[in-house]
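Residue numbers (my numbering): 3 to 458.
Each residue gets a CB set at the ideal place from its N, CA and C atoms; glycine is no exception.
One structure is given here, and the rest of the page talks about it.
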Ligand SMILES: [Zn+2]
Ligand SMILES: [Zn+2]
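What follows is the structure in structure tokens.
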């Protein structure tokens, strides 16, 4: 079974086998396009889903959409939020616009759609019910301006995810933001008075939800009071996930989330991809550069989710070449007699997936298998396509589309590539001649050797 690093227990935990598992993934805030750094965190939950589905687990995933709260503030900021959008578009139209592009981007990365994708703006009622319950239980308090705050002191295990325990969160640690309405510094708003539209009427006045209540309410509504896995990026550990855990657990009366899983940030060209516009790379930029969007998925998987990923255009281009080569090879192998999977290789790759999503190790297994001349092509074909159920690189797309090499030519090409790498030009020329004899014309480019079938 899958073993994965649990941020709260600070150790690798086995996901207990079950017929169905529930996973909540903190979804996008739809006030801008998602950049590659954002998309990497959704790949994390897709990999968890695919690895578990391989074990015949039925996954139920909730990925919420934040289209209130942040949105209003960010879109009103000068120059921020809505570049290039015509004046007069409503907040809802802008939110839907970015939600659509988020769905297109995740689909292009073969990230499966969630079973539930609730929008915060359409889930206000459960939020209000949850807040009312927390007030009634004494976990939250109201103040005269119409705000409701969570009383952090009522949740003594606060801080287990991030290590930011209540006694370290006293005023003075963060200067200048002492809020006289709060009983203690660590308290946070569940409901805030309206400062514009949209806003909703509640027993405490007209207002908007606080930043963290939506995820608790939507997760409780769509997945219930037992959630097996909750995923997000490391920056969500505090305060977002701490606050969410306090809210949900106080309402349910027990630990709601079994495993908290966090993905690290992405550095592109050495820079954190969370800065101001211009610093970010979008999936559409990758497509405009002529690269397959799934090269991004492959490049992400070449590094483990729990490490800070370093990406640049060279890495993406290299991943694109690997992707195209593998698809070509799969098409070529599809012409060979069928043969059973290469069990030892497949087991090694699957063990790597189970080992805290060690995708780099799994990809190395594919590379080894590709090169192993003792494994029949039919076995390679079955193995690659089997593993592609988790990798989701569309490795079968070239079947029937790529011109197929005549028998023996693939081995000659591999030998020639090796001769070329070791600068053995006489051998490379001999192999070119041998390839020409079977109708394959090979030439050299800056990216390596390429071939065409004679007469095409
Ligand atoms: Zn979350
Ligand atoms: Zn969230």
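Our contact map puts residue i next to residue j with C-beta atoms below 8 Å; I'd like the distance itself, whole angstroms only.
| i | j | result |
| --- | --- | --- |
| residue 341 | residue 378 | 5 Å |
| residue 285 | residue 322 | Not confirmed; about 13 Å, so no contact. |
| residue 274 | residue 365 | Contact doesn't hold; Cβ gap of about 25 Å is too wide. |
| residue 239 | residue 266 | Incorrect: roughly 11 Å between the Cβ atoms, too far for contact. |
| residue 230 | residue 264 | Residue 230 to residue 264, Cβ: 16 Å. No contact. |
| residue 150 | residue 156 | Wrong, their Cβ atoms sit about 14 Å apart, outside the cutoff. |
| residue 223 | residue 128 | 5 Å |
| residue 139 | residue 252 | 7 Å |
| residue 383 | residue 313 | In fact, because the Cβ distance is near 30 Å, the residues do not count as touching under 8 Å. |
| residue 328 | residue 397 | 6 Å |
| residue 51 | residue 100 | Their Cβ separation, rounded to whole angstroms, is 23 Å, which puts residue 51 and residue 100 out of contact at 8 Å. |
| residue 414 | residue 436 | 6 Å |
| residue 380 | residue 339 | 5 Å |
| residue 211 | residue 126 | 7 Å |
Measure the Cβ-Cβ separation of residue i and residue j and say whether it is below 8 Å.
| i | j | result |
| --- | --- | --- |
| residue 152 | residue 141 | yes |
| residue 217 | residue 66 | yes |
| residue 54 | residue 4 | yes |
| residue 411 | residue 421 | no |
| residue 123 | residue 48 | no |
| residue 367 | residue 351 | yes |
| residue 248 | residue 132 | no |
| residue 337 | residue 406 | yes |
| residue 302 | residue 136 | no |
| residue 371 | residue 325 | no |
| residue 299 | residue 56 | no |
| residue 330 | residue 400 | yes |
| residue 403 | residue 333 | yes |
| residue 38 | residue 393 | no |
| residue 418 | residue 444 | yes |
| residue 442 | residue 409 | no |
| residue 62 | residue 15 | no |
| residue 432 | residue 362 | no |
| residue 10 | residue 199 | no |
| residue 2 | residue 189 | The structure shown does not extend to residue 2, since the chain is modelled only from 3 to 458, so the question has no answer here. |
| residue 41 | residue 108 | yes |
| residue 227 | residue 258 | yes |
| residue 343 | residue 385 | yes |
| residue 147 | residue 183 | yes |
| residue 2 | residue 221 | Any property of residue 2 remains undetermined from this structure, which presents the chain solely from 3 to 458. |
| residue 244 | residue 160 | yes |
Sort out for me which residues DSSP pairs residue i with in a bridge.
| i | result |
| --- | --- |
| residue 307 | Bridge partners of residue 307: none, in fact. |
| residue 284 | 37 |
| residue 191 | 151 |
| residue 25 | 63, 231 |
| residue 8 | 13 |
| residue 1 | Since the first and last residues shown for the chain are 3 and 458, residue 1 lies out of range. |
| residue 202 | 209 |
| residue 459 | The requested residue 459 is not part of the displayed model; the chain covers only 3 to 458. |
| residue 143 | 151 |
| residue 357 | 5 |
| residue 244 | The partner list for residue 244 (beta bridge, DSSP) is empty, contrary to what the question assumes. |
| residue 31 | 68 |
| residue 371 | Paired residue(s): none; residue 371 is not in a bridge. |
When every heavy atom of ligand 2 is checked, does at least one fall within less than 7 Å of the C-beta of residue i?
| i | result |
| --- | --- |
| residue 246 | yes |
| residue 33 | no |
| residue 64 | no |
| residue 99 | no |
Does any C-beta atom of chain B lie closer than 8 Å to the C-beta of residue i?
| i | result |
| --- | --- |
| residue 426 | Judged by its chain identifiers, the structure shown contains no chain B, having just a single protein chain. |
Is there at least one non-hydrogen atom of ligand 1 closer than 7 Å to the beta-carbon of residue i?
| i | result |
| --- | --- |
| residue 388 | no |
| residue 212 | no |
| residue 255 | no |
| residue 238 | yes |
| residue 243 | yes |
| residue 232 | yes |
Q. Counting Cβ pairs, one atom from each stretch, are 3 or more of them under 8 Å apart for the region 312-328 and the region 351-364?
A. These segments do not touch.
(Q) So, does the region 220-234 touch the region 24-33, judging by three or more C-beta pairs under 8 Å? (A) As far as the Cβ criterion goes, the region 220-234 touches the region 24-33, which means the pair count is three or higher.
Q) Quick one: any contact between the region 202-221 and the region 183-193, if contact means 3 or more CB pairs under 8 Å? A) With the cut-off at 8 Å, the region 202-221 and the region 183-193 touch.
Q.
Measuring CB atoms only, is the region 14-22 touching the region 30-47, in the sense that at least three cross pairs come out at less than 8 Å?
A. Too few Cβ pairs lie closer than 8 Å, so no.
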